[in-house]
Amino acid sequence: MHNNSVSVPAFSITEAVVGMAITAIIMGILFVIFSIITGRMLDFKNQNQLVNDLNRLTYSLNKDIFEKEKMIVLPNEIYFNGYAGEKIHYQFSDDYILRNSETFVDTFRIRLNKMDMDTVKNKSGQFVFQKIKLNIESNEKKLDLRFYKRLYPNELLKSIQK
Numbered sequence: 007m008h009n010n011s012v013s014v015p016a017f018s019i020t021e022a023v024v025g026m027a028i029t030a031i032i033m034g035i036l037f038v039i040f041s042i043i044t045g046r047m048l049d050f051k052n053q054n055q056l057v058n059d060l061n062r063l064t065y066s067l068n069k070d071i072f073e074k075e076k077m078i079v080l081p082n083e084i085y086f087n088g089y090a091g092e093k094i095h096y097q098f099s100d101d102y103i104l105r106n107s108e109t110f111v112d113t114f115r116i117r118l119n120k121m122d123m124d125t126v127k128n129k130s131g132q133f134v135f136q137k138i139k140l141n142i143e144s145n146e147k148k149l150d151l152r153f154y155k156r157l158y159p160n161e162l163l164k165s166i167q168k
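Counting in the numbering used here, the sequence shown runs from 7 upward without gaps.
The structure is reproduced here in structure tokens:
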């Protein structure tokens, strides 16, 4: 009797277990690195979102102050009326600021601590401005934003006549 055994090349169980253990170690290291990088990217995204919100808010307010005819300041609200009848409304809540226009609503994740309104003159005393001071909190830092809208003589006369 002949024993006709054909040998097939293969890995032993020990070699397979060692290969799986090395693969598991590499996968674990890659998972930890991926988790760290993902966390840092989310922190970076959130920090950039706060900066973007602050930039968009200051741009929008400056644009509305410059382009709109009338500004009405109430506690936690600012209204703008345009020359062509368009209306814009800023609403300040505890954790965010909303800007409502007729076609678009924008949300800024900025916290308003305090809003002050005053009337001031320039150094020469020739021009009068409405001054809005917003004390906000962004990225755990308190900032003061100041905006000025020029008041023209006809508006000053209207306020005196009322």
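No residue lacks a Cβ here, since even glycine has one placed at the ideal position from N, Cα and C.
How far does the alpha helix (DSSP H) with residue i in it extend, from its first residue to its last?
{"i": "ASP49", "result": "19–73"}
Considering only the beta carbon of each residue, do residue i and residue j sit closer than 8 Å?
{"i": "PHE98", "j": "LEU80", "result": "no"}
{"i": "GLU108", "j": "GLU83", "result": "no"}
{"i": "LYS132", "j": "LYS155", "result": "For the record, residue 132 in the displayed sequence is Gln; it is not Lys. No."}
{"i": "LYS76", "j": "ASN68", "result": "no"}
{"i": "LEU149", "j": "ILE142", "result": "yes"}
{"i": "PHE110", "j": "LEU63", "result": "no"}
{"i": "ASP124", "j": "SER66", "result": "no"}
In the DSSP assignment, the beta strand (DSSP E) including residue i goes from what residue to what residue?
{"i": "ASP112", "result": "111–114"}
Pull up the CB-CB distance for residue i and residue j, whole angstroms please, since I reckon it's below 8 Å.
{"i": "ILE78", "j": "PHE153", "result": "Not confirmed; about 14 Å, so no contact."}
{"i": "MET121", "j": "LEU140", "result": "5 Å"}
{"i": "ILE116", "j": "TYR102", "result": "7 Å"}
CA-CA distance, residue i and residue j?
{"i": "ASN145", "j": "LEU56", "result": "6 Å"}
{"i": "LEU48", "j": "ILE42", "result": "10 Å"}
{"i": "THR29", "j": "LEU36", "result": "11 Å"}
{"i": "LYS129", "j": "GLU73", "result": "24 Å"}
{"i": "ILE58", "j": "LEU157", "result": "This sequence places Asn at residue 58; Ile is not what is there. About 30 Å."}
{"i": "SER18", "j": "ALA27", "result": "14 Å"}
{"i": "ILE39", "j": "VAL23", "result": "24 Å"}
{"i": "GLY25", "j": "PRO15", "result": "17 Å"}
{"i": "ALA90", "j": "ARG46", "result": "47 Å"}
{"i": "MET33", "j": "TYR85", "result": "57 Å"}
{"i": "THR20", "j": "SER11", "result": "23 Å"}
{"i": "ASN3", "j": "LYS147", "result": "The requested residue 3 does not occur in the structure, where the chain is confined to residues 7 to 168."}
For chain C, is any of its Cβ atoms less than 8 Å away from the one on residue i?
{"i": "ALA90", "result": "The displayed structure is made up of one protein chain only, and chain C is not part of it."}
Which residue spans inside the segment 77–164 form an unbroken alpha helix (DSSP H) run of at least 4? none
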